[in-house]
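Asker: Numbering (the working numbering), first residue to last: 58 to 410.
Don't be surprised by glycine CBs; every beta carbon is placed ideally from N, CA and C.
This one's a predicted model, so the numbers in the text were calculated from it and none came from an experiment.
Sharing a structure below in structure tokens format, with a few things to ask.
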Ligand SMILES: NC(=O)c1ccc[n+]([C@@H]2O[C@H](COP(=O)([O-])OP(=O)(O)OC[C@H]3O[C@@H](n4cnc5c(N)ncnc54)[C@H](OP(=O)(O)O)[C@@H]3O)[C@@H](O)[C@H]2O)c1
């Protein structure tokens, strides 16, 4: 589908459906990037549904503690746990994953929410461009490791199938990979290369990361056996007030960029709470037709079609190339990825030839 900018603007002026609720007793929910913004608001909604465990994963302990106290205070829920992880650091992600393996137990809902917007090249300690890492590899480390402890993947019976929710954006409609990136056998390496990351290319980096989010959800779904009671879902939270554009607010008060962002927000933005309802829907909504949710894209409390590029042959080819490269990269980070891929995933027809 082609979604116009006007259609997204109309969405922003539409009534946001009320928050979906579900019985989460006995379930474990993990929200990554939960101390502020949309992830924090989603965590409060989950807390009100009284899961057995709610783990909020944050990079900053002090900020995480404040968020945890606020969740307890506002919801009266006492099962919230703060775990520390920094997606900018593979070592931190694997430490988190190891802890999850020891102490996490079954995981029923994973919400991969953390992201950043950054318009200049900044490599992580592991040498990868930051936005790409936050939105793709580190995120995938989660998807490929603790989530594969999802009860459903281990073949255990579950009254409610598990969900992996990846927070994307409507921005994925308005981006296609540059020709050089699409033609590359290692597109992530190309995207992350310092020489590629000139300011002009970095302008579209956040949008590219959101496209990669949608591709990941579809690639994973393609590789899950059809009987696996696990749905991977992408979601557009909508344009919301949050700290995502925090760098713009550091600019001088009367700079064009700051005024433009402030004006846009005034005209269009939802509250972070309204945005969080989309994440909650992606996590617990649409239970009457679970198959529909698989590889779905949630917008305004319902599923809509993704971008034409994603559905095209070129998009499918790119999706498979990115998947294979991601697994190769992750294999270099952790020796626990390969057995998971071998034991739980199948090779989709679309990737053979
Ligand atoms: N707001 C919008 O208009 C909008 C629109 C479409 C999609 N989205 C998506 O919605 C999601 C939530 O964004 P938001 O608007 O709520 O932004 P936000 O207020 O900036 O929240 C982002 C969260 O991610 C965390 N995070 C950032 N880098 C991290 C790292 N290296 N390791 C661990 N956690 C990290 C942040 O922690 P710190 O506080 O420590 O930085 C924060 O908790 C993102 O995926 C974003 O792309 C937002």
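Buried or exposed: residue 58, going by 16 or more other Cβ atoms within 10 Å of its Cβ?
Answerer: Residue 58 comes out exposed.
Asker: List the DSSP bridge partners of residue 354.
Answerer: 291, per the DSSP bridge assignment.
Asker: Express the C-alpha separation of residue 223 and residue 270 in angstroms, rounding to a whole number.
Answerer: For residue 270 and residue 223, the distance between alpha carbons rounds to 7 Å.
Asker: If contact is defined by three or more beta carbon pairs under 8 Å, each pair taking one atom from either stretch, is the stretch 291-300 in contact with the stretch 249-256?
Answerer: Contact between the stretch 249-256 and the stretch 291-300 is absent, because fewer than three Cβ pairs lie under 8 Å.
Asker: Is residue 316 helix, strand or coil by DSSP?
Answerer: If DSSP states are grouped into helix, strand and coil, residue 316 belongs with the helices.
Asker: Could you check if residue 23 belongs to the surroundings of ligand 1, using beta carbon to heavy atom distance under 7 Å?
Answerer: Only positions 58 to 410 of the chain appear in the structure, and residue 23 is not among them; the question remains open.
Asker: Measure the C-alpha to C-alpha separation of residue 392 and residue 373 and round it to an integer number of angstroms.
Answerer: For residue 392 and residue 373, the distance between alpha carbons rounds to 27 Å.
Asker: Check the DSSP bridge columns for residue 180 and list the partner residues they point to.
Answerer: Paired residues: 186.
Asker: Got a sec? Which residues, its chain only, sit under 6 Å from residue 418 by beta carbon, not counting five neighbours each side?
Answerer: Outside the shown range of the chain (58 to 410) lies residue 418, about which nothing can therefore be said.
Asker: Is residue 334 near ligand 1 - that is, is its Cβ less than 7 Å away from at least one heavy atom of it?
Answerer: False, no ligand heavy atom lies under 7 Å from that Cβ.
Asker: Could you pull out every residue in the same chain whose Cβ sits closer than 6 Å to the Cβ of residue 165, ignoring the five residues on either side in sequence?
Answerer: Excluding sequence neighbours, residue 165 sits near 84, 85, 219.
Asker: Determine the burial state of residue 208: buried for a count of at least 16 other Cβ atoms within 10 Å of its Cβ, exposed for fewer.
Answerer: Only weak support exists for where residue 208 lies, its pLDDT of 47 falling under 50; the value from the coordinates is given anyway. Burial call: buried.
Asker: For ligand 1, is there any heavy atom lying closer than 7 Å to the beta carbon of residue 116?
Answerer: Yes, the Cβ of residue 116 comes within 7 Å of a heavy atom of ligand 1.
Asker: So, with DSSP's three-state summary, where would you put residue 203?
Answerer: Caution applies to residue 203, whose pLDDT of 43 falls short of 50 and renders its modelled position unreliable; the value that the coordinates give is listed next. In the structure shown, residue 203 sits in a helix (DSSP, three-state: H, G or I).
Asker: Taking residue 87 as part of the beta strand (DSSP E), name the residues at either end of that continuous run.
Answerer: Its beta strand (DSSP E) spans residues 85-89.
Asker: Between the Cα of residue 330 and the Cα atoms of 62, 65, 91, which residue gives the shortest distance?
Answerer: If we check each option's Cα against that of residue 330, 91 comes out closest.
Asker: With a 10 Å radius around its C-beta and 16 neighbouring C-beta atoms as the bar for buried, classify residue 200 as buried or exposed.
Answerer: Here the model assigns residue 200 a pLDDT of 42, short of 50, so the residue's position is not dependable and the matter cannot be decided.
Asker: Express the C-alpha separation of residue 227 and residue 107 in angstroms, rounding to a whole number.
Answerer: Spanning the two alpha carbons is a distance of roughly 31 Å.
Asker: Are the stretch 70-83 and the stretch 381-398 in contact at 8 Å, needing three or more beta carbon pairs?
Answerer: No, because fewer than three Cβ pairs between the stretch 70-83 and the stretch 381-398 fall closer than 8 Å, the two stretches do not touch.
Asker: What residue does the beta strand (DSSP E) around residue 110 start on, and which one ends it?
Answerer: Its beta strand (DSSP E) spans residues 110-115.
Asker: Report yes or no: do the stretch 109-121 and the stretch 312-327 share at least 3 C-beta pairs separated by less than 8 Å?
Answerer: With the cut-off at 8 Å, the stretch 109-121 and the stretch 312-327 do not touch.
Asker: Do the stretch 121-135 and the stretch 351-360 meet, that is, are 3 or more Cβ pairs less than 8 Å apart?
Answerer: Not touching, per the Cβ criterion.
Asker: Any heavy atom of ligand 1 within a distance shorter than 7 Å of the CB on residue 184?
Answerer: No, the Cβ of residue 184 stays beyond 7 Å of every heavy atom of ligand 1.
Asker: Just the C-alpha distance for residue 243 and residue 131, rounded to the nearest angstrom, thanks.
Answerer: Their backbone Cα atoms lie some 46 Å apart in a straight line.
Asker: Let me see if you follow: with CB-CB separation under 8 Å, is residue 221 close to chain C or not?
Answerer: Checking the listed chains, one finds no chain C in this structure; it contains a single protein chain.
Asker: What's the gap between the Cα of residue 204 and the Cα of residue 158?
Answerer: Here the model assigns residue 204 a pLDDT of 45, short of 50, so the residue's position is not dependable, and the following value carries that caveat. Rounded to the nearest angstrom, the two C-alpha atoms are 10 Å apart.
Asker: In terms of residue numbering, what span does the alpha helix (DSSP H) encompassing residue 386 cover?
Answerer: Here the alpha helix (DSSP H) through residue 386 covers 370-390.
Asker: Would you mind sorting residue 406 into buried or exposed? The rule is 16 or more other CB atoms within 10 Å of its CB.
Answerer: Exposed is the call here.
Asker: Excluding the 5 residues flanking residue 60 on each side, which residues of the same chain have their C-beta closer than 7 Å to its C-beta?
Answerer: Within the same chain, residue 60 has close Cβ partners 227, 230.
Asker: So what does DSSP say about residue 448, is it helix, strand or coil?
Answerer: One cannot answer for residue 448 here, as it falls past the ends of the chain, which runs 58 to 410.
Asker: Return the chain-ordered list of same chain residues with a C-beta closer than 6 Å to the C-beta of residue 74, the five sequence neighbours on each side being excluded.
Answerer: Hits under 6 Å: 358.
Asker: So is residue 262 buried or exposed if we call it buried at 16+ other beta carbons inside 10 Å?
Answerer: Burial call: buried.
Asker: Tell me, which residues are paired with residue 220 by DSSP?
Answerer: DSSP lists 166, 288 as partners of residue 220.
Asker: Quick one: give me the first and last residue of the beta strand (DSSP E) that residue 139 is part of.
Answerer: Element bounds for residue 139: 137-141.
Asker: Shorter than 7 Å, the distance from the beta carbon of residue 221 to the closest heavy atom of ligand 1, or not?
Answerer: For ligand 1, not one heavy atom lies less than 7 Å from the Cβ of residue 221.
Asker: Residue 273: which of 221, 370, 339, 332 sits nearest, CA to CA?
Answerer: It is 221 whose Cα lies nearest to the Cα of residue 273.
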